[in-house]
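**Student:** I'd like to ask you about the structure that follows.
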Amino acid sequence: MRASQRGMACRLFSLVLAVGLSACGGGGGGGNSTATGNATPPTSAFPASSTLANVCTVEGEKKFIRSYLDEKYLWYREIPTVDASLYTDVVKYFKALLVTTPDANNLPKDQFSFAIPIADANSLSTGVNVGYGWDLVYDELRRIRVTKVEVGSPAAQAGIARGGYIASVTNYNVQSFFPNTAGAWIELRYAETPSSAPRTIRLDARTVAEDPVPLNSTVTSPGGKRAAYVTFNAHSEGAQDKLITAVQSMRAAGTTELMLDMRYNSGGYLYIAGTLAAMLSGPQANGQVFEALKFNDKRTADSANSVYRIPSSVEYAEKTYPAGYMLPRLNLKRVYVLSSAQTCSASESVINGLRGIDVEVVLIGQSTCGKPYGFTRKNNCALSYYPIEFQGTNNKGFGDYSAGFAPTCPGNDDLDHALGQSKEGLLSSALYHLDHGSCAPVSAQKRALSISNPSESNPMSIERLQRGRLLRPVSP
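Under this note's numbering, think of the first position of the sequence shown as 747, with each following residue one higher.
Below, the structure written as C-alpha cells:
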C-alpha cells in the first residue's frame, strides 16, 4: 500500500500546481454523479469533525466518521441512514455509509472509497512496502501466474520472472502471500512454464521499493518504424523525476512516436500525471486545463480554486529536478497507451487530459477501470480515511467515464513475453497499428491473459486496489 503522511490538511486551493495533488486516491462514477449544483447546501446536523477527532474509542471514531463524511463526501446528501449502534467495527461502519446506488452506467456510484491502517497508507504514495516484490494474477485456468517482478526483490533473487507459475504453496495463508511485516515467509513450488519441472523456493518478506518507471527503450515495428517504449507502473513519489529523465532521452533521440505502457498503473499522485501530459504535449498546451476538480456544494471555494493547468516547468519538486525546472517537451500529436482493467484513476487522468488538449490517444488492450473521482487522505486514530471528494474533468469539460475508456484495439496481457519485447501481445498490436493505422486482425493477435478488475474477491490483485487519484497534502 502507499500514501504520504505529511501535512494532512490537504488545502487543495493552496496548490497552484498544474497538477500538484496527493495523499488520496480516486474512483469512478457516471454522468449523473456531479455533486455541485445550484441548491443551497443544507445546514449540517452534525458537529464539526475537527471537534471529534482523535477520540479513539469505537463510539468516538464513529462520530468523527459521520461528521467528516457530511463535510467532505461528494455525495453527502445521499448517505444512507445507518444505525451506528449496530457497528462495533469502525471500518464496516464507514463502508455502510457509502453511496452505492446505481449510476448512469448501472454501476455502484461509490466503488472506491476506503479506509486502511495508517501504516498501509504511508506506503501508498512511496511505492515502498513489505513483501516479495511480485504481482500475481489468476489466469483463465485459475493458475497463479506472475505479471511482474521488482528488480532486486526476494522474488527476483529467487529467479522468479514474469510469466512464471506458482504450482503449489506449502504453507499458504493470506499473511504469507501479503505480509505486513518483514520476517514472514512462504515456501512454494515454482515453474517457468507449464511443462517445466517445478522447483521449491522459499521467499522471505522484506521492504521492497517499487520502481515506477522500470523500462525506457526503443522498439521497431515490422514496417521499420521506431517508437519509444516506457513502462509506467505507478504515480508514486519519485516517478516524476524518472519520467523527466526518460523524456529527456526521448527528446535527444528525436522521438516522434511513444508506446506508454500503463497496464499495471492503478494511479497515484495527480501532479505526476499533469507533468507527464505536459512533457508529451507541446508548449502550445501550456495553461490549458489538465484537470478541474468539482467538490460537493459545501465546497464551492475549493472547486473554484482547483483548476490544474498544463505546466511548463516542475511545480512540485521531488529529489532530482527542482521547482521551476523547464520540462522537456516531445510535442507529440499521438500517444499509444497500453491498458488493462488495472489502468486507473491518475492514469486515466493522463488519457483524459491528453484528449482534452487534442493529443490523440490510441488505447491498446482492455477498457480502463473507470475512476474519474479522487479524495484526500484523512488520518484519525489508527486509520486513514479516503472518502471520494471530487470529480475531475478535462479541458473540454469531460469527466464521465465510470465505465472506463474503451480500447481502440482490444487485446489482453501476454505473459508469455517480457514487457518491452516487440512480440509481446499488446505492444505487438500497437506496432501493427503504427504500421497500418488499423487494428491487427484477430487471428494475428497473441493469445494472452485477461486481467480482471481489481476487487476484494480476487486476492491476487488486492495490492493494486487502493491506489488512485491522489492529492498531495500541504501543511496548514
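Glycine included, every Cβ here is placed at the ideal spot set by N, Cα and C.
#1: Would you identify the three-state DSSP class for A1087, choosing helix, strand or coil?
#2: Skipping 5 residues on each side, what residues in its chain have a beta carbon closer than 6 Å to that of Y814?
#3: Could you work out which residue in L1076, S1085, C1115, S1130 is closest to V1105 when comparing CA atoms only?
#4: Ignore the nearest five residues each way along the sequence and tell me which others in I1103's own chain have a CB closer than 7 Å to its CB.
#5: By a C-beta neighbour count over all protein chains shown, 10 Å radius and 16 as the cutoff for buried, is R888 buried or exposed?
#6: Could you check if E805 is buried or exposed, using at least 16 other CB atoms within 10 Å of its CB as the buried criterion?
#7: Quick check: what's the CA-CA separation for P787 versus A998?
#8: Note the first and the last residue of the continuous beta strand (DSSP E) segment covering L934.
#9: Which residues in the same chain have their Cβ closer than 6 Å to the Cβ of S899, if we skip the five residues on either side of it in sequence?
#10: By the three-class DSSP mapping on this structure, what secondary structure does P854 have?
#11: If you scan the stretch 1031-1108 from start to end, which runs of the alpha helix (DSSP H) of 4 or more residues do you find wholly inside it?
#12: On the three-state DSSP scale, how would you describe D1181?
#13: Got a sec: does the ligand FMN put a non-hydrogen atom nearer than 6 Å to the Cβ of T827?
#14: Quick one: measure Cβ to Cβ for N962 and A992, integer angstroms, because I've assumed they're closer than 8 Å.
#15: Opposite M1005 in the DSSP bridges: which residues?
#16: For P960, which residues in the same chain have their Cβ closer than 6 Å to its Cβ, ignoring the five residues on either side in sequence?
#17: Could you please give me the residues that DSSP links to Y878 through a beta bridge?
#18: Does L1182 pass the burial test, meaning 16 or more other C-beta atoms within 10 Å, or should it be called exposed?
#19: Closest by CA to S914, which one among A937, A1092, F924, A799?
#20: Counting only the same chain and skipping the five closest in sequence on each side, list residues whose C-beta sits under 6 Å from that of T707.
#21: Applying the 10 Å Cβ sphere with the 16-neighbour rule, what's the burial state of M1072?
#22: Helix, strand or coil: which one does DSSP assign to I1134?
#23: Name the residue from F923, V895, L1004, D1043 whose alpha carbon lies nearest to the alpha carbon of Q1137.
#24: Quick one, are the C-beta atoms of E1134 and F1121 less than 7 Å apart?
#25: Based on Cα-Cα distance, which residue from G1111, Y1015, A1063 lies nearest to Y1119?
#26: Using beta-carbon positions only, say whether T1114 and S1085 come within less than 7 Å of one another.
#27: What does the Cβ neighbour count give for A781, buried or exposed, with the cut at 16 atoms within 10 Å?
#28: Can you name the start and end residues of the alpha helix (DSSP H) that V836 belongs to?
#29: Output the distance between the C-alpha atoms of G970 and L844, rounded to the nearest integer angstrom.
#30: Mind checking which residues open and close the beta strand (DSSP E) that includes Y911?
#31: T789: which of C802, R823, F810 sits nearest, CA to CA?
#32: L882: which of N875, T966, V892, N1125 sits nearest, CA to CA?
#33: Taking the beta carbon of N917 as the centre, do at least 16 other beta carbons fall within 10 Å, making it buried, or is it exposed?
#34: Under the DSSP definition of a beta bridge, which residues are partnered with I890?
#35: Three-state secondary structure (DSSP) at I825?
#36: Roughly how many angstroms separate the alpha carbons of C1185 and V801, rounded to a whole number?
**Tutor:** On the basis of the supplied data:
#1: Coil at A1087, not helix or strand.
#2: S795
#3: L1076
#4: Same-chain partners within the cutoff: S1027, A1031, Q1034, I1056, N1141.
#5: exposed
#6: exposed
#7: 53 Å
#8: 931-937
#9: G879, V954
#10: strand
#11: 1046-1050, 1092-1102
#12: helix
#13: As for the ligand FMN, it is missing from this structure, which has no ligand bound.
#14: 4 Å
#15: Y975, Y1082
#16: T977
#17: Residue pairing from DSSP leaves Y878 without any beta-bridge partner.
#18: Looking at the sequence provided, one finds His at residue 1182 rather than Leu. It is exposed - the Cβ of H1182 has fewer than 16 other Cβ atoms within 10 Å.
#19: A937
#20: Past the boundaries of the shown model lies residue 707; the chain is included only from 747 to 1222, so the question cannot be answered.
#21: exposed
#22: coil
#23: D1043
#24: First, the residue type needs correcting, since residue 1134 is Ile and not Glu in the sequence shown. Contact: yes.
#25: Y1015
#26: yes
#27: Caution applies to A781, whose pLDDT of 41 falls short of 50 and renders its modelled position unreliable; the value that the coordinates give is listed next. Answer is buried; the Cβ neighbour count reaches 16.
#28: 836-842
#29: 52 Å
#30: 911-915
#31: Residue nearest to T789 within the set C802, R823, F810 is R823 (criterion: CA-CA distance).
#32: Minimum Cα distance to L882 is reached at V892.
#33: exposed
#34: Y884, I912
#35: The answer is coil: DSSP assigns I825 none of H, G, I, E or B.
#36: C1185 and V801 have their C-alpha atoms spaced approximately 58 Å apart.
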